[in-house]
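So the sequences go chain by chain: A and B.
Numbering-wise, the numbering used here puts 416 at position 413 of the first sequence, and it's gapless, one number per residue.
Numbering-wise, the numbering used here puts 274 at position 205 of the second sequence, and it's gapless, one number per residue.
The structure under discussion appears below in the form of structure tokens.
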Amino acid sequence: MSGILILNGRVIDPANGLDEARDLLLCDGKIAAIEKPGSLKNAEVAETIDASGLVVAPGLVDVHVHLREPGQTYKETIATGTAAAAAGGFTTVVAMPNTIPVNDSVAGLEWMLAPERGSVVKLFAMPAATMGSMGATLTDFAALHKAGAVGFTDDGKPILEDAIMREALVAAARLGVPVSQHAEDTHLTGGCSMNYGTVAFRLGLRGMTVEAESRIVERDIRLLQEIENSEGLRPHLHVQHVSTGRALDAIREAKAQGLHVTCEAAPHHFTLTDEAIGDYDTNAKMNPPLRAEVDRQAVLAGLADGTVDCIATDHAPHAAHEKEQEFERAPNGITGLETALGLALRVLHRGQGLSLSKILALMSAAPAGIVSLSGRGSLSVGSFADIVIFDPAASWSFAAKQSRSKSKNTPFDGAPMLGRVHATISEGRIVFRQ
Amino acid sequence: MASMTQESQGSKKIFHYAPGSLLSVADLSVADVSAILTVTTRLEQMPHAQRVALLAGRRIALLFYESSTRTRTSFELAAKSLGATTTLVSDKSSSIEKGESLKDTGLTLRALGAECVILRHPSSGAPFVLARETGLPVLNAGDGMHEHPSQALLDARTMLMRLPGRNAAKANAKSLDGVTVVITGDILHSRVARSNALLLPQLGAKVLLCGPEQLLPETALGLGSGVEIVRDFDAALRRSQVAMMLRIQKERLAGLELDLADYIARYQLNGERLAAQAPDALVMHPGPMIRGLEIAGDVADGPNSAIELQVSNGLSVRSALLLRALNAGGFESVTV
Ligand SMILES: [Zn+2]
């Protein structure tokens, strides 16, 4: 006897336009049935979960996480990072390649995805677009794709050279996967540690302008247009962690022209502004940096109007001793897997009035679609039994010290959250339970 | 809108730094400023024998990651005049171990018995790190492009001493009422400018910031409502009772669309300009100055100049700050 029966939940499945009371039967790692309440009560299962008062939804998908393995396991491992993912309701994560060494080979990719790494949820990876993420020579896209790559990125760094970015877009287009770009014109951001503006002036820190982000986005969009015109290909540009209104405007326009551009926004960018740096709190240091209120509002507007395709955490763990440094010296990045849903529900649902269904789409169906994951991001019968069960009304405070991540670098320690994960099920296995 | 912003914030953790720390002038209430000025005046009037007993046996570390003869000497002499033992740890000595973190250096100083650390550091915000990680009172002696709070206090005292009808022994929100101070030069890189622009409006002064766009971006207005940007130096000077000039580092001008001669023509404080626009203005400069560049020699040495008084006030104000940091010399009884 195997299987799990989830009874009496409010089932929200944006991919199928469903938001109603349903019972769910999970068998052999797949969704076996989804029926009106009461119809499945005679199924023989190993476990029954009473989801009364709770939402049952597709497991969340994060297309942008840093798991630090190999090379920096003192910050995080694949096992600890994916345990944090499970605690946050995520059942699928996509690992970025800026490990040590950089994930730029089939051997490296296979090592990362091997069962021995102990991933708690489904792990995918985007290998580097260029060797060593040095921006000079493309990696072997075809071989990496065959080995499981769901896209290519030099995240942490932009692909700066026009010619290399063009090549990457063409090669990825032939394989039907995106090039995921960290949009930062590093010619404009040398020595910068936060957003350019009045707060940076007051703190005496050099600031990154919004143009540093938008210039790369605009350049990449021009390349898309050019490739479509000249090669008859339809490349897919995915813009990572968009943080400025200027870049969102460019993306909105490109979408209107029919180009294949998608983008993600991070919970910290729609929740906080550069004021959160306070007295040089390195837990509020990330790249792209926290922006001014006008840009935060632009990200909120982009989420509401569909310019932003999905939410991604950019989960970036760092050890305490690395963050306990002078602001300019401390590394960029915050953890994010365990706070994403709580912030999305607090800020986007309660604060902005976005529906639960819309938010869940941004965190499951849409990201799964961007990296073309089949059988994930929806509750269709036959799909993987990737499920999150949460209480949408629960108010609570996040405590960093209780995090499953090895690192505790978050500006949200003690911050209010809305919506608490009760259980996370990955391919039919319960991987987290409150 | 206000409630929206509230909603948007994460947790606001208020960190309590050791009492007596001075990391930014934003940490100071007007009552704090007044208490510091009161003790400064009392110290100046105190017989040497009494003063040198105030911090006898107390240990103060000067941690200087950036050389600064002026500020270091001022703090060091202030500490010695109160009888304290000082240790200088500088980037020139081998004491700052290569690659050791600021936190670990601070913990070492604390373990060696330092009761207070005076920190000069090229990185903005470094004093906050040191104060958080050691729990010691930390005096910010200049951090990156951020602040130089003791300089702003000594500048305020200098103004209160030299401007007519003011009281330098205490302060309130109207102490500098009716006073306009123009700060001219490389505002962007100046910690002196930031500290003064934050402190002087607290005491009722109006601050005009003056300089070319490249050295004074519009973002400077974020310093607060007591601050205004005026690009035309002559116009700013006409409105001012105090002209505070900042040092110009030639290498900062290089690469900007600004040449030296042009800078001098537009922003130098010289005798002719002073006589024409503000013949009675008090002239100040935090030093070190470059005579003939931002300021003409005759003005620096002229009757309007308070530059030497600034230096001697530096010694007295820093003495008071050390007493405050170590909770001695009257600060125990002054409620701040
Ligand atoms: Zn990135």
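Using N, Cα and C, we set each Cβ at its ideal position, and we do this for glycine too.
Remember, it's a predicted structure, so these values are computed and weren't measured experimentally.
Using the beta-carbon of each residue, which ones in chain B are nearer than 8 Å to residue i?
i, result
"Tyr283 (chain A)", "Ser193, Gly194, Phe197 and Val198"
Can you tell me where the alpha helix (DSSP H) with residue i in it begins and where it stops?
i, result
"Pro270 (chain A)", "Pro270 to Thr274"
"Met115 (chain A)", "Val109 to Leu116"
"Asn335 (chain A)", "Note, Asn335 (chain A): premise wrong, no alpha helix (DSSP H); not H, not E."
"Phe144 (chain B)", "Thr138 to Ser150"
"His148 (chain A)", "Phe144 to Lys149"
"His324 (chain A)", "Ala323 to Lys326"
Quick one: which chain A residues come within Cβ less than 9 Å of residue i?
i, result
"Gly218 (chain B)", "The amino acid occupying residue 218 (chain B) in the given sequence is Pro; Gly does not appear at that position. Within 9 Å Cβ-Cβ: nothing; Pro218 (chain B) doesn't reach chain A, min ~13 Å."
"Ala210 (chain B)", "Near Ala210 (chain B) there are no residues of chain A at all, since even the closest Cβ is about 14 Å away, more than 9 Å."
"Leu292 (chain B)", "Thr201, Phe204 and Arg205"
"Arg260 (chain B)", "Gly207"
"Arg44 (chain B)", "The requested residue 44 (chain B) does not occur in the structure, where chain B is confined to residues 70 to 405."
"Ser316 (chain B)", "Checking the sequence, you will find Arg at residue 316 (chain B) rather than Ser. The premise fails here: Arg316 (chain B) is roughly 16 Å from chain A at the closest Cβ pair, so nothing lies under 9 Å."
Can you name the residues of chain A whose CB is closer than 8 Å to the CB of residue i?
i, result
"Pro286 (chain B)", "Phe204"
"Arg342 (chain B)", "Near Arg342 (chain B) there are no residues of chain A at all, since even the closest Cβ is about 28 Å away, more than 8 Å."
"Arg189 (chain B)", "None at all; the shortest Cβ gap to chain A is about 13 Å."
"Arg179 (chain B)", "Within 8 Å Cβ-Cβ: nothing; Arg179 (chain B) doesn't reach chain A, min ~15 Å."
By how many angstroms is the C-alpha of residue j removed from the C-alpha of residue i?
i, j, result
"Gly210 (chain A)", "Asp16 (chain A)", "41 Å"
"Thr51 (chain A)", "Phe93 (chain A)", "21 Å"
"Val302 (chain A)", "Ala250 (chain A)", "10 Å"
"Leu151 (chain B)", "Gln220 (chain B)", "20 Å"
"Leu267 (chain B)", "Gly194 (chain B)", "16 Å"
"Phe387 (chain A)", "Phe435 (chain A)", "17 Å"
"Ala150 (chain A)", "Glu113 (chain A)", "7 Å"
"Pro31 (chain A)", "Gly111 (chain A)", "With the sequence shown as reference, residue 31 (chain A) is identified as Asp, and Pro is not the correct amino acid for it. In a straight line, the C-alpha of Asp31 (chain A) is about 30 Å away from that of Gly111 (chain A)."
"Thr142 (chain B)", "Ala295 (chain A)", "41 Å"
"Tyr86 (chain B)", "Pro238 (chain A)", "53 Å"
"Ser136 (chain B)", "Leu222 (chain B)", "21 Å"
"Ser367 (chain A)", "Tyr199 (chain A)", "33 Å"
"Arg127 (chain B)", "Glu267 (chain A)", "56 Å"
"His258 (chain B)", "Gly213 (chain B)", "8 Å"
"Asp349 (chain B)", "Met228 (chain B)", "13 Å"
"Glu166 (chain B)", "Arg299 (chain A)", "42 Å"
"Ala344 (chain B)", "Gly371 (chain B)", "12 Å"
"Leu70 (chain A)", "Lys411 (chain A)", "14 Å"
"Leu346 (chain A)", "Ala225 (chain B)", "45 Å"
"Pro144 (chain A)", "Ile298 (chain B)", "With the sequence shown as reference, residue 144 (chain A) is identified as Phe, and Pro is not the correct amino acid for it. If I take the Cα positions, the gap works out to 54 Å."
"Ile337 (chain A)", "Gly295 (chain B)", "36 Å"
"Ala426 (chain A)", "Thr85 (chain A)", "14 Å"
Would you kindly report the start and end of the unbroken beta strand (DSSP E) that includes residue i?
i, result
"Pro196 (chain B)", "That residue, Pro196 (chain B), is in no beta strand (DSSP E); its alpha helix (DSSP H) goes Ala195 to Thr203."
"Asp312 (chain A)", "Taken as a continuous stretch (DSSP letters only), Asp312 (chain A) belongs to no beta strand (DSSP E), as it is neither H nor E."
"Gly12 (chain A)", "Ile7 to Asp16"
"His117 (chain B)", "Segment His117 to Arg120 is the alpha helix (DSSP H) holding His117 (chain B); no beta strand (DSSP E) there."
"Lys125 (chain A)", "Lys125 to Ala128"
"Ile187 (chain B)", "Cys185 to His190"
"Thr247 (chain A)", "From DSSP, Thr247 (chain A) is part of no beta strand (DSSP E); its letter is neither H nor E."
"Arg128 (chain B)", "Arg128 to Phe133"
Got a sec: is the Cβ-Cβ distance from residue i to anything in chain D below 7 Å?
i, result
"Phe330 (chain A)", "Here the protein chains are A and B, and chain D is not one of them."
In chain B, which residues lie less than 7 Å from residue i when you measure between Cβ atoms?
i, result
"Leu208 (chain A)", "Ser193"
My understanding is that residue i touches residue j, with C-beta atoms under 8 Å, so please give their C-beta distance in whole angstroms.
i, j, result
"Gly74 (chain A)", "Ile103 (chain A)", "3 Å"
"Glu282 (chain B)", "Met314 (chain B)", "The Cβ separation is near 19 Å, so there is no contact."
"Arg231 (chain B)", "Ala375 (chain B)", "5 Å"
"Leu126 (chain A)", "Ala98 (chain A)", "6 Å"
"Gly62 (chain A)", "Ile390 (chain A)", "6 Å"
"Ala82 (chain A)", "Val123 (chain A)", "7 Å"
"Gly431 (chain A)", "Ile7 (chain A)", "7 Å"
"Phe133 (chain B)", "Ser170 (chain B)", "Phe133 (chain B) to Ser170 (chain B), Cβ: 17 Å. No contact."
"Leu269 (chain B)", "Val250 (chain B)", "6 Å"
Name the chain B residues whose beta carbon is nearer than 9 Å to that of residue i?
i, result
"Glu327 (chain A)", "Ser170, Leu171, Lys172, Val198, Arg201 and Glu202"
List, in order along the chain, the chain A residues whose C-beta lies closer than 7 Å to that of residue i?
i, result
"His215 (chain B)", "Leu206 and Gly207"
"Ala289 (chain B)", "Phe204"
"Arg231 (chain B)", "Simply none; closest approach about 28 Å."
"Arg300 (chain B)", "Those within 7 Å of Arg300 (chain B) in chain A number zero; the least Cβ separation is about 17 Å."
Open item on the list: Extract the residue ranges of the alpha helix (DSSP H) inside the region 343-405 of chain A, only unbroken runs of 4 or more that lie entirely within it.
Closed with: 343-346, 359-363 and 369-373
Task: Start-end ranges of the alpha helix (DSSP H) lying completely within the region 207-295 of chain B, minimum 4 residues - done: 218-231 and 260-268
Open item on the list: If we require 3 or more residues per run, which beta strand (DSSP E) segments fall completely within the region 10-66 of chain A?
Closed with: 21-30, 33-38, 50-53 and 58-61
Open item on the list: Which runs of the beta strand (DSSP E) at least 3 residues long sit entirely within the region 133-219 of chain A? Give them in chain order.
Closed with: 182-184
TODO: Quick one: which unbroken alpha helix (DSSP H) runs of 4-plus residues sit fully inside the region 67-96 of chain A? Chain order, please.
DONE: 81-90
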